[in-house]
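Working notes for the structure below.
Protein chains in written order, with our numbering: chain H, 1 to 395; chain G, 1 to 395.
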């Protein structure tokens, strides 16, 4: 705790943070509206807005044309003051998305990948995806403030992938360090299911929920947990791995859908589960049996999470979220048999973009921490943050 | 957020809270030591100590006799300024413990109960246990500042017992309201496994751990979760109920131990499991088979919790904690087969007192919130807090 003296500048900073928080991701607002929403006096609000405008965080926007009389001045957060990139590195794909400081997506790229591709090939593909995404917006690497990456596997707090069942090349790999050499800014690496869970609470069906179980269901099955409004990593960053519980049967869970008797020979393996789910929707009894077997397994792991955590909402996300209409009813009936309190059950609306959007939201959290947290250093103008001393980035 | 002006008194309060926090539950300290530990200047520390002494929260203690020269003055928190009571209301027992504001236990009582006792009888027994506990210290009901109660069942945020498998009379019962009529102070009611988990992090083997899975194992099986340093209740206060997962088999888990072939006829049912556990410790193969079957079930529910939450430590508490030496090795070997990261595994040292101690710690948290939280009203002298307007207490 700081000593009592000299803390008026500190209070001014806290007031500035309140104003910034009110403006982030919102419409432009007048001084009176800002004073209302923040509880600050109008003179204090004016003082803060002047300071933030001088720094470059806030700008006045021109009045709407055709307005009669003298309209009140309106101010907005300069979300275009910097750029972030989200990357989703899966076994079979690489996605990149470029966003402004409010998380609005400006450009996206996607390219296929092979699970067994050698490390150099995968890194080259990542660089291509990122460069193409920047090119779409006429930007370059040096415009990036932060890159956040979601990938499959156990990722520790330093961004090292301890193990990954889906990408053999990811094994005890300092991915944050490797990508730090590719980008001239801070790179953050986190487990993909966790980032997808974050996206659901920031912009998806779990928006503003404090306790969320996110089911990341597709070729692989995983979970991401939001507890008391925060991403839950656990003591050793190994939280969310209910897939390992033998009694839930999640490790080979999708095989029920991949190998159902109705899947035609020659169908690419990545389309098999979708074929079974579509046939079940159309009433095929063999497909419905396969869905029932899959739902049995899905329900065991989900019930364990619901009984332990009592979340407000369970979100079915990942590749199978397109078939939430087929999967949620049997999941619901099974959960109702054992759960003391039923959470809300929803299918994700973010589809295949859940991880890359979560990566962007994670990058925003990081920047908010650097610039706008109550315990951040004194407020400073919007300039790309120096790469952390933790990372090996040559910048 | 408050406006900028007039916040020096606010800063003085924050400084006072820092000093109080440093003194709580600790040895008496000199001004220099306090200034060191808090980071405040020595004049600020002196000012705060004078204010707290005038209020009655802090007192100077006499120098140790036989000290040479002029010893520095030392100060301590006046833990004896108020009194708390913890109650543990189980199906078969009622425990009461009286404590000072630092949670030091001053007196304890325990009496048996019957699961099927009518509500009035159980309430009368609670009042007897509490009165006897106060009598041991020469105190009366009016000396109590807060009473916290742990009981079996699903307890909602308002202290209503929604359901209880062990106490039939506890069914959709406003227990907080009923006990509020018994005590002339604020009464708080919470699930017993959660309070026991809290006690482990405040004074037990999980002291200071941020993520804890507490196994409450005995005649009944339950869990209490501490996540990121806080008691986890869940959205509808139904967290921790992995006992309901059929695949874990916890609901009849203890029957493996109660009904093993070696239990002599005529042994009271409450001693059967202990008999089997003791025989297993002594090498009886039939008893060891029963323990192995029980450990299989215990491990499924525990693995679900560990895989989902990745806790720092798992504590085996409750009645069976006396047999932790018998139960932990088979639990450990089963968890090692499936868990990605093994947490620390420990037996509780709090024994049968875990719930009543947790209730005391819960009452302390409540008082800290009233008196010493950063967002509490202005610092005030130690006087029994008024009963909350939420409770129906007639005071």
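Where a beta carbon is used, it is the ideal one built from N, C-alpha and C, also for glycine.
Given the structure is predicted, the values throughout are model-derived calculations rather than measurements.
Quiz prompt | With 16 other Cβ atoms within 10 Å as the buried cut-off, status of residue 383/H | solution = exposed
Self-check item: Of the residues 362/G, 177/G and 185/G, the one placed nearest residue 140/G, counting alpha carbons only
Solution: 185/G
Quiz item: Around the Cβ of residue 301/G, are there at least 16 other Cβ atoms within 10 angstroms (buried) or fewer (exposed)?
Solution: buried
Quiz item: When the distance is taken between beta carbons, is residue 95/H closer than 7 Å to residue 88/H?
Solution: yes
Self-check item: Among 181/G, 122/G, 379/G and 194/G, the one whose alpha carbon lies nearest that of residue 147/G
Solution: 181/G
Quiz prompt | Under 9 Å (Cβ pairs) to chain H, residues found in the stretch 228 to 255 of chain G | solution = 228, 230, 232, 233, 234, 235, 236, 237, 238, 239, 240, 241, 242, 243, 244, 245, 246, 247 and 248
Quiz item: Name the residues in the stretch 132 to 166 of chain G whose C-beta lies less than 7 Å from a C-beta of chain H; which are they?
Solution: 154
Exercise. Report, in whole angstroms, the separation of the C-beta atoms of residue 194/G and residue 174/G, which I expect to be a contact under 8 Å.
Key: About 19 Å separates the two Cβ atoms, so there is no contact after all.
Exercise. Sort out for me which residues DSSP pairs residue 150/G with in a bridge.
Key: 88/G and 190/G
Quiz item: residue 343/G versus chain H: which residues are under 8 Å apart at the beta carbon?
Solution: 235
Quiz item: Looking at the C-beta of residue 303/G, does it have a partner C-beta in chain H at a distance below 7 Å?
Solution: yes
Quiz prompt | Residues in the stretch 271 to 303 of chain G having any Cβ partner in chain H nearer than 9 Å | solution = 300, 301 and 303
Quiz item: Does the beta carbon of residue 98/H come closer than 7 Å to any beta carbon on chain G?
Solution: no
Self-check item: Straight-line gap, residue 246/H to residue 378/G (C-alpha atoms, nearest Å)
Solution: 54 Å
Quiz item: Which residues, in chain order, does the stretch 201 to 212 of chain H contribute to contact with chain G at a C-beta distance below 9 Å?
Solution: 209, 210 and 211
Self-check item: Touch test, the stretch 200 to 210 of chain G against the stretch 221 to 241 of chain G, Cβ-Cβ under 8 Å, three pairs minimum
Solution: yes
Quiz item: What does DSSP give as the partner residues of residue 227/G in its beta bridges?
Solution: 230/G
Exercise. Can you give me, in chain order, the residues of the stretch 330 to 342 of chain H that have a beta carbon less than 8 Å from any beta carbon in chain G?
Key: 338, 339, 340 and 341
Self-check item: Contact list for residue 375/H against chain G, beta-carbon separation under 8 Å
Solution: Under the 8 Å cutoff, chain G gives no residues; its nearest Cβ is about 13 Å from residue 375/H.
Quiz item: What span of residues does the beta strand (DSSP E) with residue 400/H cover, start to end?
Solution: It is not possible to answer for residue 400/H, since the shown part of chain H is limited to 1 through 395.
Quiz item: Taking residue 172/G as the reference, which of 162/G, 166/G and 179/G has the closest Cα?
Solution: 162/G
Quiz item: With a CB to CB cut of under 8 Å and the five nearest residues on each side skipped, what residues in its chain are close to residue 390/G?
Solution: Annotation note: pLDDT 43 at residue 390/G (below 50); position unreliable, coordinate value reported separately. Excluding residues within five positions, the ones whose Cβ falls inside 8 Å are 158.
Quiz item: CB residue 325/G to CB residue 290/G, shorter than 7 Å?
Solution: no
Quiz item: Quick one: is residue 92/G buried, meaning 16 or more other Cβ sit within 10 Å of its Cβ, or exposed?
Solution: exposed
Quiz item: Can you tell me whether DSSP reads residue 393/G as helix, strand or coil?
Solution: Any reading at residue 393/G must be qualified, since the residue scores a pLDDT of 38, below 50, and its modelled position is unreliable; no value is offered.
Quiz item: Helix or strand or just coil, what does DSSP make of residue 10/G?
Solution: helix
Quiz item: Any C-beta of chain H sitting closer than 7 Å to the C-beta of residue 312/G?
Solution: yes
Quiz item: Measuring CB to CB, does residue 198/H end up less than 7 Å from residue 361/H?
Solution: yes
Quiz item: Under 8 Å Cβ-Cβ, which residues of chain G neighbour residue 173/H?
Solution: By Cβ distance, chain G contributes nothing, its closest Cβ being about 16 Å from residue 173/H, past 8 Å.
Quiz item: Excluding five sequence neighbours on each side, which residues of the same chain lie with their C-beta closer than 6 Å to the C-beta of residue 109/H?
Solution: 96, 129, 132 and 133
Exercise. Look at residue 267/G and residue 314/G and say whether their C-beta atoms are less than 7 Å apart.
Key: no
Self-check item: Buried/exposed call for residue 85/H, threshold 16 Cβ in 10 Å
Solution: buried
Quiz item: Taking the Cβ atom as the reference point for each residue, do residue 167/H and residue 115/H lie within a distance shorter than 7 Å?
Solution: yes
Quiz item: Looking only at DSSP bridge pairs, what is residue 30/H linked to?
Solution: 74/H
Quiz prompt | Boundaries of the alpha helix (DSSP H) in which residue 109/G is found, first to last residue | solution = Counting along the chain, residue 109/G falls outside any alpha helix (DSSP H), though it belongs to the beta strand (DSSP E) covering 105 to 112.
Quiz prompt | As assigned by DSSP and simplified to three states, the class of residue 155/G | solution = strand
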